[in-house]
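Sequential numbering from 32 applies to the sequence shown in our numbering.
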Amino acid sequence: MSTATNAHVKIPKLLIANRGEIALRIMRSAKEMGIKTVAVFSEADRNALHVRYADEAICIGPAPSNQSYLVGEKIIQACKDTGAVAIHPGYGFLSENAVFAQQVADAGLILVGPSPQAMQIMGNKLSAKAAALKYQIPMVPGTEEAITDIAEAKLRAVEVGFPILIKAAAGGGGKGMRIVDGVDDFEEQMHLAVSEATSAFGDGAVFIERYVTSPRHIEIQVLGDEHGNIVHLFERECSVQRRHQKVVEEAPSSVLTPDIRERMGKCAVDVARSVNYTGAGTVEFILDENLDFFFLEMNTRLQVEHPVTELITGIDLVKEQIKIASGEALTFTQEELKINGHAIELRVYAEDPKNNFLPDIGTLQTYKTPKGNGVRVDDGFEQGMEIPIYYDPMIAKLITFGKDRDEAIKRMVRAIDEYEITGIETTLGFGKFVMQHEAFTSGNFDTHFVNKYFDAGSAEKTKETEALIAALVAVELFAHRNEIKTTEATTVETSNWRKNRNKF
Ligand code: MV4
Numbered sequence: 032m033s034t035a036t037n038a039h040v041k042i043p044k045l046l047i048a049n050r051g052e053i054a055l056r057i058m059r060s061a062k063e064m065g066i067k068t069v070a071v072f073s074e075a076d077r078n079a080l081h082v083r084y085a086d087e088a089i090c091i092g093p094a095p096s097n098q099s100y101l102v103g104e105k106i107i108q109a110c111k112d113t114g115a116v117a118i119h120p121g122y123g124f125l126s127e128n129a130v131f132a133q134q135v136a137d138a139g140l141i142l143v144g145p146s147p148q149a150m151q152i153m154g155n156k157l158s159a160k161a162a163a164l165k166y167q168i169p170m171v172p173g174t175e176e177a178i179t180d181i182a183e184a185k186l187r188a189v190e191v192g193f194p195i196l197i198k199a200a201a202g203g204g205g206k207g208m209r210i211v212d213g214v215d216d217f218e219e220q221m222h223l224a225v226s227e228a229t230s231a232f233g234d235g236a237v238f239i240e241r242y243v244t245s246p247r248h249i250e251i252q253v254l255g256d257e258h259g260n261i262v263h264l265f266e267r268e269c270s271v272q273r274r275h276q277k278v279v280e281e282a283p284s285s286v287l288t289p290d291i292r293e294r295m296g297k298c299a300v301d302v303a304r305s306v307n308y309t310g311a312g313t314v315e316f317i318l319d320e321n322l323d324f325f326f327l328e329m330n331t332r333l334q335v336e337h338p339v340t341e342l343i344t345g346i347d348l349v350k351e352q353i354k355i356a357s358g359e360a361l362t363f364t365q366e367e368l369k370i371n372g373h374a375i376e377l378r379v380y381a382e383d384p385k386n387n388f389l390p391d392i393g394t395l396q397t398y399k400t401p402k403g404n405g406v407r408v409d410d411g412f413e414q415g416m417e418i419p420i421y422y423d424p425m426i427a428k429l430i431t432f433g434k435d436r437d438e439a440i441k442r443m444v445r446a447i448d449e450y451e452i453t454g455i456e457t458t459l460g461f462g463k464f465v466m467q468h469e470a471f472t473s474g475n476f477d478t479h480f481v482n483k484y485f486d487a488g489s490a491e492k493t494k495e496t497e498a499l500i501a502a503l504v505a506v507e508l509f510a511h512r513n514e515i516k517t518t519e520a521t522t523v524e525t526s527n528w529r530k531n532r533n534k535f
């Protein structure tokens with residue numbers, strides 16, 4: 032399979048264009064590989080753990096990410112200033128930005144990730160599906176191109192059958208999706224979807240798919256090298272989510288048979304092959320009640336939930352990413368990969384499940400992580416630190432591993448009980464609720480798990496919460512508009528976020 036020549040470049044120094052747990056996670060693998068690390072940080076992250084862990088650190092601007100972590104030129108300049116030859120973008124921020132990927136290449140630097148071309152094609156759901164058409168990949172019936180003629184689209188919707196889902200081609204993570212139950216609502220929803228997509232993504236292209244009413248969200252991890260080798264590392268089950276934010280992920284999925292797993296894996300490899308994919312990527316599928324699966328989209332980055340795959344395969348995905356970026360060929364074949372045991376991840380968010388998962392940013396007055404056999408905690412905070420409002424409210428990922436699903440679940444409950452966090456509300460208790468729920472333990476659940484079983488509120492309430500979150504961030508940004516943050520310790524007992532909450 033692999034070519035005889037394996038010419039590769041050395042990466043002596045790597046810049047990590049990210050923050051928090053993922054920056055630390057990447058640096059740890061780099062350290063094991065003997066690679067020097069450069070951290071970048073915003074003024075809000077001066078005292079962050081990723082800054083302390085790195086060999087060098089560079090401030091790249093004010094707290095808001097559009098003035099720091101999202102500014103490609105500053106990242107590239109930081110490489111020039113430190114002599115870093117490669118950039119690992121982590122997840123979020125610039126990780127799936129094809130324009131940035133091209134700028135990195137043009138600057139003579141290595142991006143730990145796929146080519147700008149692969150990123151661009153997979154960054155649009157319609158071009159992703161068009162690329163995948165080269166192979167026999169099952170896809171949900173719908174329109175293959177962006178809808179330009181509404182009357183024509185309506186006919187197609189009737190043909191496909193209601194309910195249908197309108198999706199934004201440029202959207203990700205469920206943003207800009209609209210469910211349409213019948214033909215009478217079609218036109219109105221179509222207009223709303225186009226204007227929503229235009230304002231959210233600057234691209235009004237939308238398409239339709241038959242709405243799969245009780246799907247499971249299952250994704251396949253792939254790795255491709257520059258020598259044409261592509262393998263899959265089995266699936267992750269990500270059905271437990273709310274507001275399109277995953278909360279619990281596990282590997283393997285409790286519903287896949289070896290046969291479905293093999294077919295899905297082959298499809299994922301083909302999807303990757305359709306764009307000559309290099310690096311780590313994730314191919315997303317939905318699985319319906321008949322256990323039929325359909326390709327939805329591909330994520331061209333390392334995912335938050337990658338540790339569950341690492342635990343069941345024994346592969347360090349970040350090391351593989353770096354080796355691939357150096358031009359090395361994969362050192363294992365598909366046949367050599369085996370699933371061992373079961374892993375579950377709980378995302379510990381600074382959010383209040385009793386208050387419709389409203390972000391609850393503040394100071395970690397007590398912060399003690401669980402320990403012991405089969406427990407991994409990927410985090411970026413210490414006791415006494417404040418969770419900044421500017422970024423994702425995820426505090427940590429709690430991951431447990433067991434010989435089987437039952438052991439991984441029981442270990443998760445034990446680890447949740449050991450975890451001590453005070454000062455802010457978290458999703459730990461919610462995680463225990465999931466682990467002990469019959470639908471979860473039996474494996475009989477779908478993407479509606481949270482809405483169905485957890486009384487977090489109606490769709491209306493969710494909309495209100497989303498608006499409230501946006502308003503709170505705006506208030507915080509306004510309050511700090513003239514502030515130049517210095518290095519003083521974060522000693523406030525109650526964050527502005529909490530105080531501001533009382534205003535609403
Ligand atoms: C779907 C679907 C049902 N049918 N597509 C959500 C995230 C994005 N990556 C794809 N998503 C979905 N696509 C078809 N044809 C269900 C989801 C979905 C979902 C949809 C509405 C509300 C909540 C959801 C949660 C998970 C997945």
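All C-beta atoms in this analysis are idealised placements derived from N, C-alpha and C, irrespective of residue type, glycine included. For clarity, every value in this text was computed on a predicted model and none was experimentally measured.
### Query
Rounded to a whole number of angstroms, what is the C-alpha to C-alpha distance between Glu449 and Arg332?
32 Å
### Task
Specify the secondary structure class of Glu514 as computed by DSSP and reduced to three states.
Unreliable placement is indicated for Glu514, whose pLDDT of 45 sits below 50; no coordinate value is reported for it.
### Task
With a floor of 3 residues, list each beta strand (DSSP E) that falls wholly inside the stretch 293-332, ordered by position along the chain.
310-318, 324-330
### Query
Do you know offhand how far Gly462's Cα is from Glu336's?
15 Å
### Task
Might you give, ordered along the chain, the residues of its own chain that have their beta carbon closer than 8 Å to the beta carbon of Ile141, omitting 5 neighbours on each side?
Val40, Ile42, Val116, Ala117, Ile118, Val135, Ala356, Ser357
#### Entry: Backbone CA spacing between Thr431 and Thr229 [nearest angstrom]
41 Å
### Task
Over the uninterrupted alpha helix (DSSP H) stretch that includes Ile107, give me the two end residues.
103-113
### Message
Tell me whether Val271, by its Cβ, gets closer than 7 Å to a heavy atom of the ligand MV4.
### Response
no
### Query
What do you get for Ser99, buried or exposed, if any count of 16 or more other CB atoms within 10 angstroms of its CB means buried?
buried
### Query
Whose CA, out of Arg83, Thr309, Ala162, lies closest to the CA of Val143?
Thr309
### Ranges of the beta strand (DSSP E) found wholly within the stretch 203-282, counting only runs of at least 3
209-211, 237-241, 247-255, 261-273, 276-282
### Query
Alpha carbon to alpha carbon, how far is Gly154 from His373?
31 Å
### Query
What is the DSSP secondary structure of Gly411, counted as helix, strand or coil?
coil
### Query
Under 8 Å, do Ser73 and Ala94 count as touching if we go by C-beta distance?
yes
### Message
Measuring alpha carbon to alpha carbon, tell me which residue in Lys402, Thr458, Ser305 is nearest Met150.
### Response
Ser305
#### Entry: Counted within 10 angstroms of its Cβ, other Cβ atoms place Ser60 as buried (16 or more) or exposed
buried
### Message
Please determine whether the Cβ atom of Thr478 lies at a distance below 7 Å from any heavy atom of the ligand MV4.
### Response
yes
### Task
With distances taken Cα to Cα, identify the nearest neighbour of Ile317 among Pro338, Ser284, Ile343.
Ser284
### Task
Could you pull out every residue in the same chain whose Cβ sits closer than 7 Å to the Cβ of Ile152, ignoring the five residues on either side in sequence?
Ser158, Ala159, Ala162, Val306
### Message
Please report the straight-line C-alpha distance between Glu341 and Glu190, rounded to a whole angstrom.
### Response
43 Å
### Message
If contacts are defined as beta-carbon pairs under 8 Å, then Val314 and Ile251 qualify, I think. What distance do you get, rounded to the angstrom?
### Response
5 Å
### Task
Verify whether the separation of the beta carbon atoms of Val286 and Gly474 is less than 8 Å.
yes
### Query
Per the contact definition of three or more C-beta pairs closer than 8 Å, is the stretch 162-180 in contact with the stretch 233-243?
yes
### Message
Within 8 Å, do at least three Cβ pairs link the stretch 206-218 to the stretch 245-263?
### Response
no
### Task
Could you tell me how far apart the beta carbons of Val339 and Glu281 are, in whole angstroms, since I believe they sit closer than 8 Å?
6 Å
### Query
When the Cα atoms are used, what is the spatial distance from Gly103 to Phe326?
31 Å
### Query
If we ignore side chains and look at the alpha-carbon of each, how far apart do Lys19 and Met466 end up?
Only positions 32 to 535 of the chain appear in this structure, which leaves residue 19 out of reach.
### Message
If I follow the unbroken alpha helix (DSSP H) through Val82, where does it start and stop?
### Response
80-84
#### Entry: Whole-angstrom C-beta distance between Val69 and Ile91, which should lie under 8 Å
Not quite, the Cβ-Cβ distance comes to about 11 Å (not below 8 Å), so this is no contact.
### Query
Do Gly393 and Gly433 have their C-beta atoms closer together than 8 Å?
no
### Query
Are the C-beta atoms of Arg59 and some chain D residue less than 8 Å apart?
The structure shown contains no chain D, having only a single protein chain.
### Query
Does the beta carbon of Tyr484 fall short of 7 Å from some heavy atom of the ligand MV4?
no
### Sequence-distant residues of its chain with Cβ nearer than 6 Å to Val279 (five each side left out)
Val271, Leu377, Val465
### Query
Where does the unbroken beta strand (DSSP E) through His119 begin, and where does it stop?
117-119
### Message
Assuming Lys67 is part of the alpha helix (DSSP H), what are its boundary residues?
### Response
Careful: Lys67 lies outside any alpha helix (DSSP H), inside the beta strand (DSSP E) at 67-72.
### Message
Please tell me whether, using a cut-off of 7 Å, the distance from the CB of Met221 to the nearest non-hydrogen atom of the ligand MV4 is below it.
### Response
no
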